[in-house]
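Asks: Before I ask anything, let me first share the structure, which is written out below as C-alpha cells.
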Amino acid sequence: MRQAFRRLVPQATKLVTSEAPITSALALRTFPASSASTNPVMTNGFRSFRSTSFAASSLADVLKNEIEYEKQNYSQPEELAGGPPSPFTLTETRGDTLMSLSRQFGQNETINIDVMVNDQPEEEPFETEEGVLDVDVGVLFTAQVVKGDQSLVFECKSDGSYLSIMHVAVEPASGDMEDSAYTGPVFEELDDELQRHFQVYLEERGVGPELGGYLLRLVHDKEEREYQYWLEKTAAFLKA
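Per my numbering, the sequence shown starts with residue -12, numbered consecutively.
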C-alpha cells in the first residue's frame, strides 16, 4: 500500500505541470472592457467546469489503476484462512476498523476480545541488549472476561511470541463506568507472582501468544482490505 502511494506522485506532478501553462496564458491575456462586462459569469463558469471535469476524470483514472494494482497484489495470509484459534469466533463489519472475537469458558464466563486497526501504535525501532536495532510490531487489544453483570478487562499487547498485560480493571459488563472510578494499579508495579498468575489466568482462557500472533496478522490484513474498500468508495463517488 505504501508503494502504491509513491506511484501516485509522478502522475500528480504531471497533472499540475500540464495545468500551469493554461493558467499563465489566461492570466496574461487581456480582454476588452465590453467583453468582460458582457457575460463574465458564463466565461468563468465554463473555465471552472472544464477544469473540474478534467481533474475529476484524471483522479478517477488514477484510482482505477490503484484499485487494479491492489487487487492483483492482495492475498489473504494463510494463517488467517482457517479463522481464529478455536473456539473463538470472529465478528467484523466492512468499513469498520473494530474486530471482535468471543468464546464461552466454563459454565458462566464469556471471553470477549476487541482489537481496532485505528488504535495501533507506530512501529518504532529500539535497541536490544546486544546493541542491535529492532522494531516493536506488537498489536494492542483488550480481553474482557464477563461473569454476570461484572467483568475483568485486560489491556494487552502481543507480537505472537509473548503476551504482555499492561492493565487490569474491574468494570461493569456493560462498560459503563464513572470517569472518577478507580480503574486499578499500574500493572508493572504489582508483585511478580501476582503478575504471573494473571498471565496464567488469561492463558487458561485461550488468551496467549498464539492469539496475539493471529490478531497481529488480522490487523494488517484488515487495514489492507479497508484501504481497497476506501478506494472503491472514492471511485464510486467520482463516478456518480
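Beta carbons: idealized from backbone N, C-alpha and C, even for Gly.
Going by the DSSP bridge assignment, what does residue 99 pair with across the sheet?
Replies: Residue 99 is bridged to 89, 131.
Asks: In chain order, what residues of the same chain have a beta carbon less than 7 Å from the beta carbon of residue 74, not counting five sequence neighbours either side?
Replies: Once the five neighbours on either side are set aside, the close Cβ partners of residue 74 are 90.
Asks: Out of curiosity, what's the CA-to-CA distance linking residue 71 and residue 135?
Replies: So the two alpha carbons sit approximately 25 Å from each other.
Asks: Rank 137, 184, 202 by C-alpha distance to the C-alpha of residue 148 and give the top, closest one.
Replies: For residue 148, the nearest C-alpha among the options comes from 202.
Asks: From the DSSP secondary-structure annotation, give me the bridge partner or partners of residue 154.
Replies: Bridge partners of residue 154: 142.
Asks: What separation, rounded to the nearest whole angstrom, lies between the Cα atoms of residue 49 and residue 59?
Replies: If I take the Cα positions, the gap works out to 15 Å.
Asks: Counting beta carbon pairs with one atom in the stretch 159 to 171 and one in the stretch 182 to 199, are three or more of them shorter than 8 Å?
Replies: They do not touch, by the three-pair rule.
Asks: Which one of 225, 175, 176, 156 has the shortest CA to CA distance from residue 168?
Replies: Of the listed residues, the one whose Cα sits closest to residue 168 is 156.
Asks: Could you tell me the distance, in whole angstroms, from the CA atom of residue 217 to the CA atom of residue 94?
Replies: Distance between the alpha carbons of residue 217 and residue 94: 42 Å.
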